[in-house]
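Each residue of the sequence shown is one higher than the last, beginning at 277 in the working numbering. Note that CB positions come from ideal geometry on N, CA and C, so glycine has one too. Comments concern the structure below.
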Amino acid sequence: SAGIPDFRGPNGIWTNEKKRKRKSDTTTETTDESAGASGFASARPTLTHRAIYKLVRLGKVQYVVTQNVDGLHKRSGLSRDHHAVLHGCVFTEKCEACEIEFFRDNDVGGMSFQPTGRKCSECGGVLRDCLLDWDDELPEEDWKQAQQEAEQADLVITLGTSLRIEPAGSLPTLAKKFVIVNLQKTPYDHRAKLVIRATVDGVMDKLLKQLGYENWDNADKDEPHIERQWKREAT
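Below is the structure:
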């Protein structure tokens with residue numbers, strides 16, 4: 277519903293990207309490096325993104341972990357203080373010197389922490405993309421916090437994920453209990469406290485209404501504030 281195709285299905289973004297890479301290994305054909313991100317710029321937060329933001333503001337949800345690279349949690353208004361981005365974001369570039377992240381409206385280009393050609397407006401350092409390639413390690417600080425938050429959680433709810441990409445796939449098992457909301461089976465269905473075979477938008481809408489927020493979604497009335505710069509606080 278965000279206007280973005282799936283990622284790992286037969287015609288998913290990363291599936292097609294791998295096909296392009298295999299073809300480029302055996303031919304001299306030039307490929308479009310931005311093809312995988314072409315649909316992201318026009319995508320908008322879904323009801324589920326808005327619901328998560330609402331639940332964070334209400335104090336019902338403490339933290340969010342995403343494997344998506346579309347930046348839609350940021351576009352919903354959610355601060356990076358409240359979510360880990362495990363696979364990077366096509367709209368984020370990070371200063372290699374002061375480590376400030378800049379969230380842009382357009383794909384910053386590149387993959388696997390390459391220089392984007394821009395300089396940091398705060399310190400003049402080199403800006404690099406944040407998008408992971410297949411062989412890259414998860415970002416250390418985000419992954420560490422994601423694990424800590426899962427271990428401390430009374431409940432983890434997984435929304436629309438196959439839980440097949442490790443190590444993130446097993447993250448919910450660190451919690452006291454977890455619920456899976458997904459249309460297809462996952463490898464962890466047997467360990468979940470509850471499995472719901474339904475659309476995530478439908479489930480999240482009903483959840484907010486059951487909590488007493490009947491008219492919670494004001495997406496057409498209020499434009500979210502998008503956090504453009506962020507830096508992790510020193511611990």
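Apart from the five residues just before and just after residue i, which ones in its own chain have a Cβ nearer than 6 Å to its Cβ?
i, result
"Pro321", "Leu348, Arg351, Ser352"
"Val384", "Glu369, Thr392, Asp405"
"Pro500", "Ser352, Gly353"
"Ile433", "Val455"
Excluding five sequence neighbours on each side, which residues of the same chain lie with their C-beta closer than 8 Å to the C-beta of residue i?
i, result
"Cys232", "For residue 232 there is no data in the structure shown, the boundaries of the chain being 277 and 511."
"Leu470", "Val455, Ile456"
Measure the C-alpha to C-alpha separation of residue i and residue j and round it to an integer number of angstroms.
i, j, result
"Ala327", "Leu484", "7 Å"
"Ser318", "His466", "37 Å"
"Asp493", "Gln424", "30 Å"
"Asp418", "Arg473", "29 Å"
"Thr511", "Val340", "20 Å"
"Glu377", "Arg504", "8 Å"
"Asp308", "Gln486", "Its pLDDT being 41, under 50, Asp308 is placed unreliably by the model, and the measurement read from it follows with that caveat. Each residue's alpha carbon lies about 46 Å from the other."
"Gln390", "Ser446", "29 Å"
"His363", "His325", "18 Å"
"His358", "Ile441", "22 Å"
Where does residue i sit, in a helix, a strand or coil, going by DSSP?
i, result
"Gln486", "helix"
"Val518", "The structure shown has nothing for residue 518, since the chain only spans 277 to 511."
"Pro500", "coil"
"Thr324", "helix"
"Leu334", "coil"
Going by beta carbon distance, what residues of the same chain come within less than 7 Å of residue i, once the five residues before and after it are set aside?
i, result
"Gln460", "Ser438"
- Query: If you scan the region 386-440 from start to end, which runs of the beta strand (DSSP E) of 3 or more residues do you find wholly inside it?
  - Reply: 391-395, 402-405, 432-435
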